[in-house]
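Peer 1: I am attaching a structure below and will ask some questions about it afterwards.
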Amino acid sequence: MKKLRWAMDSGGFWELDLSTPITLNGQARPVPGDPLPLGLSRGSRLSRFQQIDFFQRFMAMPFIPSFAANRGFLLQRVLSLPIVENWSVMLLGQLNVQRFLSSLRKNKTKHLPDPSWLQSIRRNFIQKSFYALGFCSELFLTPDDTLIISLDAYGDEKVPQKRAVLHHKASMYEL
1 MKKLRWAMDS GGFWELDLST PITLNGQARP VPGDPLPLGL SRGSRLSRFQ
51 QIDFFQRFMA MPFIPSFAAN RGFLLQRVLS LPIVENWSVM LLGQLNVQRF
101 LSSLRKNKTK HLPDPSWLQS IRRNFIQKSF YALGFCSELF LTPDDTLIIS
151 LDAYGDEKVP QKRAVLHHKA SMYEL
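Using UniProt numbering, the letters of the sequence shown correspond one by one to residues 1 to 175.
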């Protein structure tokens, strides 16, 4: 019998943890009928913060490109701060490139001379609506327990999203 977490044979219902840029934390579950992800196995247990940190450290990618249907093309960057051996803090910055470029195109249609066009680029860079900021704190309480606290703030939304998750590794069991 296949593991239930991977698939249920009858309905084709997939319950995998995937990472997507829809939220800053990036965890989603696919809809029944959607194709399997490229890995064809269990999804990554790493949060979006940890995935971006991996790309930056070991693949020399300063900015990680991603795409979300509701937000468009994004560039993400993580700053990782290990506080002590069992506690780390990560700060994620996200720039909505698609929205930024469309704003520049809208300003360019006004036929502004070059110096004022550069000023409009500078003005657009300081607009909060193009940015999102995420904060994540991960505390390893015991070898089996992890507490994750995260806060996501989008520049165009007034209320930040807050999350607290306690992961507990279950002992070996058979279903």
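Each residue gets a CB set at the ideal place from its N, CA and C atoms; glycine is no exception.
Would you kindly work out how many angstroms separate the C-alpha atoms of L148 and L139, rounded to a whole number?
Peer 2: Mapped onto the sequence shown, residue 148 falls at position 148. Mapped onto the sequence shown, residue 139 falls at position 139. One point to set straight first is that residue 148 is Ile, not Leu, in the sequence displayed. Rounded to the nearest angstrom, the two C-alpha atoms are 6 Å apart.
Peer 1: Using a Cβ distance threshold of 8 Å, determine whether the segment 92 to 104 contacts the segment 122 to 140, with at least three qualifying pairs required.
Peer 2: yes
Peer 1: Tell me, which residues are paired with P82 by DSSP?
Peer 2: Residue numbering aside, residue 82 sits at position 82 when the sequence shown is read from its first letter. P82 pairs with S88.
Peer 1: Exposed or buried, what is D156 when buried is set at 16 or more other beta-carbons lying within 10 Å of its beta-carbon?
Peer 2: Locating residue 156 in the sequence shown gives position 156, counting from the first residue. Burial call: exposed.
Peer 1: Is the beta carbon of Q83 less than 7 Å from the beta carbon of I64?
Peer 2: Here residue 83 corresponds to residue number 83 of the sequence shown, with the count starting at 1. Here residue 64 corresponds to residue number 64 of the sequence shown, with the count starting at 1. Here residue 83 turns out to be Ile, not Gln, going by the sequence shown. Between I83 and I64, the CB-CB gap reaches or exceeds 7 Å.
Peer 1: Note down, in chain order, each residue of its chain lying with its Cβ closer than 6 Å to the Cβ of T146, except the 5 sequence neighbours on either side.
Peer 2: Residue 146 sits at position 146 when you count from the first residue of the sequence shown. Same-chain partners within the cutoff: F140, H167.
Peer 1: Give the DSSP-derived three-state secondary structure of S120 in the structure shown.
Peer 2: What you label residue 120 is simply residue 120 of the sequence shown in a count that begins at 1. In the structure shown, S120 sits in a helix (DSSP, three-state: H, G or I).
Peer 1: What did DSSP end up calling K158 once you bin it into helix, strand or coil?
Peer 2: Residue mapping note: residue 158 aligns to position 158 of the sequence shown, counting from 1. K158 falls in the coil class under three-state DSSP.
Peer 1: CA-CA distance, L75 and S171?
Peer 2: Working through the sequence shown from its first residue, we reach residue 75 at position 75. Working through the sequence shown from its first residue, we reach residue 171 at position 171. Distance between the alpha carbons of L75 and S171 is about 39 Å.
Peer 1: Can you name, in chain order, every residue of its own chain whose Cβ lies under 6 Å from the Cβ of L151, other than the five neighbours on each side?
Peer 2: Residue 151 sits at position 151 when you count from the first residue of the sequence shown. So the qualifying residues of the chain are F135, P160, K162.
Peer 1: I think G72 touches R105, with their Cβ atoms under 8 Å apart; what is that distance to the nearest whole Å?
Peer 2: One-based indexing of the sequence shown puts residue 72 at position 72. One-based indexing of the sequence shown puts residue 105 at position 105. Their Cβ separation, rounded to whole angstroms, is 13 Å, which puts G72 and R105 out of contact at 8 Å.
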